[in-house]
Amino acid sequence: MIQTVRKAWGIPELRKKILFTLMILVIYRIGSAIPVPYVNVQLLQQYLDGMGTTILGLYNVMSGGAFAQATVFALGIQPYINSSIIIQLLTVAIPALERLQREGGEEGKKKIQSITRYSTVAIAFLQALGYYYIMKRYGILNQDNIWVALVIMVSWVAGSSFLMWLGEQCNEFGVGNGISMILMAGIISRVPTMVSQMYAGMRTGTMPWWAVLLIVVGVLALIVLIVFVNDAERRIPVQYAKRQVGRKMYGGQSSNLPMKVNMSGVLPIIFAQSIASIPATIGAFLPAPAEGSFWAGMLNAIDTKSFLYLVIYFVLIIGFSYFYASIQFNPVEISNNLKRNGGFIPGFRPGKPTSDFIARVLNKITLFGAIYLGVVAILPLLADKFTATSIGIGGTSVIIVVGVALETVKALENQMLMRQYKGFLD
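In terms of my numbering, the sequence shown opens at residue 469 and continues consecutively.
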C-alpha cells in the first residue's frame, strides 16, 4: 500500500489528485470543528455520553464526533448514505425507477442522482428537526425562538449538502470514492482520542498493559480477517459456444462469473445496528423506571450489552445480508444474460437449471459472508462485555476504514496502469 502511494506521488497528475483529496478532507475536518451558535456544547456532550448505546451514538461515531459537538457538519454524510440506500431499494420496488436505471443510460443515471440529492436535503432537514427538538427538550440550547431554530437547522442542512458536494468533487477530481473517504476520515479522527484514553488508563492503572496489548492484537487480527474476506470471491466457470457471423468465428473462450463473498459490504451491519438499537433508544427517552420493576428488567434485557441484543443483532445482520445479496445479484437475470450471449456453465443447461445453480452458490457464499459480518460486529461488543476495558472502536468502523483504504489503493493502481498503457500507445 505504501509503495503504491509512493509511486503514485511520483506521477504529476496523480499527485494533483491526491493533494485535491487531502484538501477535501482538511475542509471536512475544519467544518467538523466549527460549532453552530446557541448550543451549550458541554451539556450536549454530557447528554450524548449517556446515549452512546443508542442510534444517536451511532450517528456520533459516523460523524467523527461532530454530532456530539453540534458543529456545522454534525449530520455528517449520513443523510446522503441513507438517501442512496432508500433510492436503491425503491429502484427494486418501483418499476419506473427500475426502467430508468436499466434503460435510461447516462441520462437516467443523472436523473437518479438528482433524485438522490433532493432526497438527501429532505432527510437532512428531518434529522436536523429531530436533533433540534432533542436539544430543546433537555435544555441544551442557550436561546430558544423561531430564528434560533432556523439558524441551527439551516446550518446543519447546508453542512450536510456541502459534504455531499465535496464528495462528488472528490469523485471527479480526486482519488477513490469521495463519500467513503469523508466517512473514513470521520472515523479515523476518533483514533487519537481512543489512544490517549488508553494511555491515560495505563498511567492511572485503570487499564492494565496486557489489556492494551490484547486490544491491539485483536484489532490487527480483525484487519487481517477483513482484508482476506474483502477480496474473497467464488468464481463459477463459464464457457462460450462458438458462433459464426459472416466469415468470422466468435466465442469458444472460457471465462468465469465472479461472486464476492461479502457483496453487501457494511450496509447489513449499519441497518441491523440501527434497528436493534431502537428499543434502547426509546427507553432512553422515557422516564427511568423503579429498580426491580418489570420495566426495569425489560430495559436491562434490551440493553445493547445484553445477550438478547447480541442475538437479535446477529440475526438481523444475517437477514439483511441475504436481502442485499438478493437485490444486487439476480440469478435469473444472470442466467438470461449468459444464454443471450451464448454462454453456459459446464454441466448445467441454459435457463432454469443455470439460475438454480447460481442461486444455490449465492446462498452458500452469502451465509459465509453474513456470519463473517456478524462475527466482526459482535466480537468488540463481547470484548466490552467480558472485560473491564472498552475497546472504543466497533467492527463497523474497522470494516469501513479497511474497505475504503483497499478501494483507494486499487483506484491508484488502476490510474497508474492506465498511464502505462497510454505510454505504450504513444
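Ideal placement from N, C-alpha and C gives every residue a C-beta, glycine not left out.
Worksheet item: Once you ignore the five residues that flank T822 on each side, which residues in its own chain have a CB closer than 6 Å to its CB?
Response: Along the sequence shown, one-based indexing puts residue 822 at 354. So the list reads S803, I813, F816, once near-sequence residues are dropped.
Fill in: Residue of V829, V616, R671, Q581 minimising C-alpha distance to Q556
For the purposes of this step, residue 556 is identified with residue 88 of the sequence shown, where counting begins at 1. Looking at the Cα atoms, Q581 is the closest of the given residues.
Worksheet entry | Cα-Cα separation between R702 and P660, rounded to whole angstroms | By 1-based counting over the sequence shown, the position of residue 702 is 234. By 1-based counting over the sequence shown, the position of residue 660 is 192. Each residue's Cα considered, the two are about 38 Å apart.
Worksheet item: Does the distance from the CB of E636 to the CB of G644 come in under 8 Å?
Response: For this step, residue 636 is matched to residue 168 along the sequence shown. For this step, residue 644 is matched to residue 176 along the sequence shown. No; because the gap between Cβ atoms is not below 8 Å, this pair is not in contact.
Worksheet item: So what does M666 bridge to, in DSSP terms?
Response: If you number the sequence shown from 1, residue 666 lands on position 198. None; M666 has no bridge partner.
Discussion item. Do S629 and A596 count as a contact pair if the criterion is CB distance below 8 Å?
Written reply: Position 128 of the sequence shown, counted from the start, is the residue given in the question as residue 596. Position 161 of the sequence shown, counted from the start, is the residue given in the question as residue 629. No. Outside cutoff.
Worksheet item: So is Y777 buried or exposed if we call it buried at 16+ other beta carbons inside 10 Å?
Response: In the sequence shown, counting from the first residue as 1, residue 777 sits at position 309. The residue in question, Y777, is buried, as its Cβ has 16 or more Cβ neighbours within 10 Å.
Fill in: Inter-residue Cα distance where the pair is M727 and Y790
Here the question's residue 727 lines up with position 259 in the sequence shown. Here the question's residue 790 lines up with position 322 in the sequence shown. The straight-line gap separating the alpha-carbon atoms of M727 and Y790 is approximately 14 Å.
Discussion item. Quick check: what's the CA-CA separation for A476 versus I553?
Written reply: On the sequence shown, position 8 is the one that residue 476 refers to. On the sequence shown, position 85 is the one that residue 553 refers to. Approximately 33 Å between the Cα atoms of the pair.
Worksheet item: Which ranges would you report for the alpha helix (DSSP H) in the segment 473-520 if only whole runs of at least 4 residues count?
Response: 480-499, 509-517
Worksheet item: On the three-state DSSP scale, how would you describe F812?
Response: For this step, residue 812 is matched to residue 344 along the sequence shown. Strand at F812.
Discussion item. Closer than 8 Å is the cut-off here; do at least three beta carbon pairs connect the segment 729-739 with the segment 694-708?
Written reply: yes
Item to complete: List in chain order: all unbroken alpha helix (DSSP H) runs of 4+ residues lying wholly within the segment 513-595.
Response: Runs found: 523-530, 534-537, 546-561, 563-571.
Worksheet entry | Residue range of the unbroken alpha helix (DSSP H) whose run includes V706 | By one-based count along the sequence shown, residue 706 stands at place 238. Counting along the chain, V706 falls outside any alpha helix (DSSP H), though it belongs to the beta strand (DSSP E) covering 701-708.
Discussion item. Threshold first: 3 residues or longer. Then list the beta strand (DSSP E) segments lying entirely within the segment 595-647, N to C.
Written reply: Runs found: none.
Worksheet item: Just to confirm, are L847 and G871 a CB contact at a threshold of 8 Å?
Response: Position 379 of the sequence shown holds residue 847. Position 403 of the sequence shown holds residue 871. No, Cβ-Cβ distance for L847 and G871 is not below 8 Å.
Discussion item. Rounded to the nearest angstrom, what separates G544 and R671 at their Cα positions?
Written reply: For the purposes of this step, residue 544 is taken as residue 76 along the sequence shown, with counting starting at 1. For the purposes of this step, residue 671 is taken as residue 203 along the sequence shown, with counting starting at 1. Distance between the alpha carbons of G544 and R671 is about 34 Å.
Discussion item. Between which two residues does the beta strand (DSSP E) holding N698 run?
Written reply: Working through the sequence shown from its first residue, we reach residue 698 at position 230. It is not in any beta strand (DSSP E) - N698 instead sits in the alpha helix (DSSP H) that spans 677-698.
Worksheet item: To the nearest angstrom, how far is it from the Cα of V507 to the Cα of Y606?
Response: Numbered from 1 along the sequence shown, position 39 holds the residue referred to as residue 507. Numbered from 1 along the sequence shown, position 138 holds the residue referred to as residue 606. Using only the alpha carbons, I get a separation of about 12 Å.
Item to complete: Below 8 Å on the Cβ atoms is my guess for I691 versus V866; work out the distance and round it to an integer in Å.
Response: By one-based count along the sequence shown, residue 691 stands at place 223. By one-based count along the sequence shown, residue 866 stands at place 398. Indeed, because the Cβ distance is near 7 Å, the residues count as touching under 8 Å.
Fill in: Meets three-Cβ-pair contact criterion under 8 Å: the segment 616-628 and the segment 487-497
no
Item to complete: Give the secondary structure of P799 by DSSP, where H, G and I count as helix, E and B as strand, and everything else as coil.
Response: Position 331 of the sequence shown, counted from the first residue, corresponds to residue 799. P799 falls in the helix class under three-state DSSP.
Worksheet item: What is the residue span of the alpha helix (DSSP H) that S722 lies within?
Response: The count along the sequence shown starts at 1 and reaches residue 722 at position 254. From DSSP, S722 is part of no alpha helix (DSSP H) but of the beta strand (DSSP E) over 722-728.
Worksheet entry | Cutoff 7 Å; reference L885; Cβ partners in own chain excluding five residues on either side | Here residue 885 refers to the residue found at position 417 when the sequence shown is read from its first residue. There are no such residues.
Fill in: Per-residue burial, Y548 [other beta carbons within 10 Å of its own, 16 or more giving buried]
The residue you call residue 548 lines up with position 80 of the sequence shown. Y548 comes out buried.
Practice prompt. Determine, using beta carbons only, whether T460 and G627 come nearer to each other than 8 Å.
Written response: Outside the shown range of the chain, which is 469 to 894, sits residue 460, and nothing can be said about it.
Fill in: Rounded straight-line distance, which links the Cα of V540 to that of P503
Indexing the sequence shown from 1 puts residue 503 at position 35. Indexing the sequence shown from 1 puts residue 540 at position 72. Each residue's alpha carbon lies about 6 Å from the other.
Item to complete: Within 10 angstroms of the Cβ of K820, are there 16 or more other Cβ atoms? Answer buried if so, exposed if not.
Response: By 1-based counting over the sequence shown, the position of residue 820 is 352. Flag for K820 reads exposed.
Item to complete: Give a yes or no on whether the C-beta atoms belonging to S587 and S531 are separated by under 8 Å.
Response: Reading the sequence shown from its first residue, position 119 is the one you call residue 587. Reading the sequence shown from its first residue, position 63 is the one you call residue 531. The criterion of a C-beta distance shorter than 8 Å is not satisfied by S587 and S531.
Worksheet item: If you run the structure through DSSP and keep just helix, strand and coil, what is G842?
Response: As a first step, residue 842 is located in the sequence shown; it is residue number 374 there, counting from the start. Note: G842 maps to helix in three-state DSSP.
Worksheet entry | For Q471, the nearest candidate out of I743, V877, M675 (CA to CA) | Residue numbering aside, residue 471 sits at position 3 when the sequence shown is read from its first letter. When I743, V877, M675 are compared, the shortest CA-CA separation from Q471 is found for V877.
Worksheet item: Just how far apart, CA to CA, sit I737 and Y781?
Response: Locating residue 737 in the sequence shown gives position 269, where the first residue counts as 1. Locating residue 781 in the sequence shown gives position 313, where the first residue counts as 1. Answer to the nearest angstrom: the Cα atoms are 8 Å apart.
Worksheet item: Are I868 and V734 touching if we call contact CB-CB under 8 Å?
Response: Here residue 868 refers to the residue found at position 400 when the sequence shown is read from its first residue. Here residue 734 refers to the residue found at position 266 when the sequence shown is read from its first residue. Yes, the pair counts as a contact, with Cβ atoms nearer than the cut-off.
Worksheet item: By the 10 Å Cβ neighbour count, where 16 or more other Cβ atoms means buried, how is F892 classified, buried or exposed?
Response: Within the sequence shown, residue 892 is the residue found at index 424, counting from 1. Low confidence applies here, because F892 scores a pLDDT of 40, under 50, leaving its location unreliable; read the following figure in that light. That one is exposed.
Worksheet item: For T661, which of helix, strand or coil comes out of DSSP?
Response: Residue mapping note: residue 661 aligns to position 193 of the sequence shown, counting from 1. Helix at T661.
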